[in-house]
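Here's the structure, in structure tokens; my notes come after.
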Amino acid sequence: MGSSVITPEDVLESLMNDGTIDAIRLKIINQLKANEDLKNNTIKMVEQSKVLNTPGAEKQTKRELFDSLRQELETPVLEKASKSVWELILDQNGLGKEISEIVEKVFCQLSGCEPPLFPPSSSEAQPEKEREDTPTSSSKKRSFSEMGKEDVDEVAQVSADEPVHLRK
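Per UniProt numbering, the sequence shown runs over residues 1 to 168.
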């Protein structure tokens with residue numbers, strides 16, 4: 001058999017075709033809806049809105065108020081929601097872990113290899129209770145927001161340097 005390259009696009013297409021992307025999107029939406037901090041922050045932003053606290057606001061139509069509020073708050077609200085989505089996606093104990101496992105499984109199915117591609121690290125192999133009591137190097141980990149552009153570029157460059165060749 002000849003070797004073929006399984007691209008990220010191949011994996012994404014498979015996930016889109018089997019409905020996995022839609023299921024993940026629904027989970028993200030449901031978790032955002034349940035995020036009390038995000039709700040409370042949005043409510044606070046509306047309550048402190050310049051549009052609503054401007055004299056004469058009560059004389060505007062609902063449509064005028066809505067359009068003005070949207071213009072004022074759409075970007076900051078969407079930025080906070082976007083940050084929350086990234087936190088969900090990158091959470092290695094929740095949805096992020098599930099996404100990683102799904103992507104790995106689909107990649108393995110397409111390439112004909114056996115999962116797991118990457119064996120669990122020693123900390124993942126420990127029972128949950130032991131991990132809670134064991135000091136880890138998590139203080140050295142950076143969140144997505146702490147990563148600089150050069151870090152992301154470096155990861156992208158390393159990933160692009162060597163394609164993955166697997167037998168199909």
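Yeah, the Cβ is synthetic: ideal placement off N, Cα and C, and Gly gets one too.
Extent of the continuous alpha helix (DSSP H) run through residue i
i	result
threonine 54	No alpha helix (DSSP H) holds threonine 54; DSSP gives it neither H nor E.
asparagine 17	8-17
glutamate 101	95-111
glutamate 58	It is not in any alpha helix (DSSP H) - glutamate 58 carries neither H nor E in the DSSP assignment.
alanine 23	20-33
glutamate 47	36-47
Beta-ladder partner(s) of residue i, from DSSP
i	result
serine 84	None; serine 84 has no bridge partner.
Per-residue burial, residue i [other beta carbons within 10 Å of its own, 16 or more giving buried]
i	result
phenylalanine 107	buried
valine 11	buried
lysine 141	Because the pLDDT of lysine 141 is 48, which lies under 50, any placement of that residue in the model is unreliable, and the question is left without a value.
glycine 19	exposed
isoleucine 29	exposed
Under 9 Å between C-beta atoms of residue i and residue j
i	j	result
lysine 83	threonine 42	no
isoleucine 6	leucine 110	yes
valine 46	leucine 52	yes
serine 49	glutamate 72	yes
valine 85	leucine 32	yes
isoleucine 99	isoleucine 89	yes
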